[in-house]
Amino acid sequence: MRQPTVRYQNEVMDSGRWEGFPFREGDIVVSTPAKCGTTWTQTICALLIFQTPELPARLDDLTYWLDMLTRSRDDIFAFYEAQRHRRIIKTHTPIDGLPIHDGVTYVAVGRDPRDVAISWDAHFQNVAQEAFGAMLAAGGSPTQEPADTAPAPAESAYNRFWAWLEDTSVQVGLPSMLHHLSGFWAERERPNVLLLHYDDLKSDLEGQMRFLAERLRIEVPESRWPDLVRAATFDSMRGRAEALTPVTAMWRDPKRFFNQGVSGQWRDLLDEDDLRRYEDRVAKLAEPDLIDWLHRGPIVPAR
């Protein structure tokens, strides 16, 4: 097993919690940057494992963020130890911060960073900061920052977009996102590493679910596919927000966790000069092939 080379840590998570985790053959680790389809991917994996649109429990009771500090490490290890089905383990830790076990599959999802910035903005505004701070304190986070002392976000969506692009915090901001995906991009030829694209999930959900099932070596009877695919659509998941939203107590409105699930909202925010500025920024953070793959076309439209 390859050991982590980096420890990622902030007031919300600590990748050091992976140390000593007893993997099982067949475990699935869903490791995505924030707002790139983590819950969507967890749900798809659960649908494939249980092969029914009605999951046997809330998603949080089937798959949990291992390195999040709202529960003790011992409690999370016990949670996974008690499971008898194939396990799905959530994390936002990049691949260089994870133990890499040959019998475990690691799934990441990429998304146009401009869409991630818009989605993160809505996500952050939906957090019930006091409730979340209390959960972190109860879970043992040593560095949680009270909501009333946290820096206020910029007033306009436009300025918040650019603030996200420059944010160098662990697991927040464009640098963290592209670092995470760069790691998976470099490892994407490994047989136990999968790198999906959010827009492919949107445009060909069934095809991507079938691909994932094949790579996970899960056989699904043909008659079950229509119901499983329907259960994984955005509208269906939003309709079951209470069952699928992670850590429901930390949100002002759990349904808003599934905000819009669309691509291209940034077009209402950025003009051509903004896109050139954005293009310069991403070019400093990732290799050209990954940038092209994420954006699915030129960042600045040809005249």
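At position 256 of the sequence shown the residue is numbered 263 (the working numbering), and the sequence of numbers has no breaks. Every residue, glycine too, gets a C-beta built ideally from N, C-alpha and C.
Same chain, Cβ closer than 8 Å to residue i, five either side skipped, listed in chain order
{"i": "residue 184", "result": "40, 41, 43, 120, 123"}
{"i": "residue 223", "result": "35, 52, 55, 112"}
{"i": "residue 220", "result": "55, 226, 227"}
{"i": "residue 206", "result": "118, 119, 270, 303"}
Residue from the options whose Cα sits closest to the Cα of residue i
{"i": "residue 9", "options": "194, 62, 91", "result": "194"}
{"i": "residue 23", "options": "12, 56, 30", "result": "12"}
{"i": "residue 92", "options": "60, 103, 33", "result": "33"}
{"i": "residue 95", "options": "274, 118, 47, 249", "result": "47"}
{"i": "residue 105", "options": "129, 25, 81, 80", "result": "25"}
{"i": "residue 168", "options": "274, 60, 80, 136", "result": "274"}
{"i": "residue 129", "options": "141, 171, 88", "result": "171"}
{"i": "residue 301", "options": "188, 196, 284", "result": "188"}
{"i": "residue 50", "options": "276, 229, 27, 243", "result": "243"}
Pair within 7 Å by beta-carbon distance, residue i and residue j
{"i": "residue 101", "j": "residue 180", "result": "no"}
{"i": "residue 235", "j": "residue 54", "result": "yes"}
{"i": "residue 294", "j": "residue 307", "result": "no"}
{"i": "residue 251", "j": "residue 66", "result": "yes"}
{"i": "residue 98", "j": "residue 74", "result": "yes"}
{"i": "residue 15", "j": "residue 114", "result": "no"}
{"i": "residue 116", "j": "residue 203", "result": "yes"}
{"i": "residue 297", "j": "residue 127", "result": "no"}
{"i": "residue 292", "j": "residue 182", "result": "yes"}
{"i": "residue 83", "j": "residue 272", "result": "no"}
{"i": "residue 60", "j": "residue 309", "result": "no"}
DSSP state of residue i mapped onto helix, strand, coil
{"i": "residue 87", "result": "helix"}
{"i": "residue 236", "result": "helix"}
{"i": "residue 243", "result": "helix"}
{"i": "residue 8", "result": "coil"}
{"i": "residue 59", "result": "coil"}
{"i": "residue 170", "result": "helix"}
{"i": "residue 128", "result": "helix"}
{"i": "residue 103", "result": "helix"}
{"i": "residue 178", "result": "coil"}
{"i": "residue 211", "result": "coil"}
{"i": "residue 74", "result": "coil"}
{"i": "residue 296", "result": "helix"}
{"i": "residue 109", "result": "coil"}
Residue i, enclosing alpha helix (DSSP H) - first and last residue
{"i": "residue 204", "result": "Not the alpha helix (DSSP H): residue 204 falls in the beta strand (DSSP E), residues 200 to 204."}
{"i": "residue 36", "result": "Here residue 36 belongs to no alpha helix (DSSP H); instead the beta strand (DSSP E) covers 35 to 38."}
{"i": "residue 289", "result": "279 to 290"}
{"i": "residue 251", "result": "248 to 251"}
Limits of the unbroken beta strand (DSSP E) element including residue i
{"i": "residue 96", "result": "95 to 98"}
{"i": "residue 116", "result": "112 to 117"}
Cutoff 6 Å; reference residue i; Cβ partners in own chain excluding five residues on either side
{"i": "residue 231", "result": "58"}
{"i": "residue 108", "result": "8, 30"}
{"i": "residue 305", "result": "none"}
{"i": "residue 155", "result": "Confidence at residue 155 is low in this model, with a pLDDT of 41, below 50, so its placement is unreliable and no value can be given for it."}
{"i": "residue 174", "result": "180"}
Residues of its chain near residue i, where Cβ-Cβ distance is below 7 Å and the 5 sequence neighbours each way are ignored
{"i": "residue 240", "result": "212"}
{"i": "residue 78", "result": "146"}
{"i": "residue 71", "result": "83, 86, 97"}
7 Å Cβ cutoff, residue i in contact with chain D
{"i": "residue 142", "result": "No chain D is present in this structure, which holds just one protein chain."}
heavy atom of the ligand ADP below 6 Å from residue i C-beta
{"i": "residue 51", "result": "Absent from the structure shown: the ligand ADP. Ligands present: none."}
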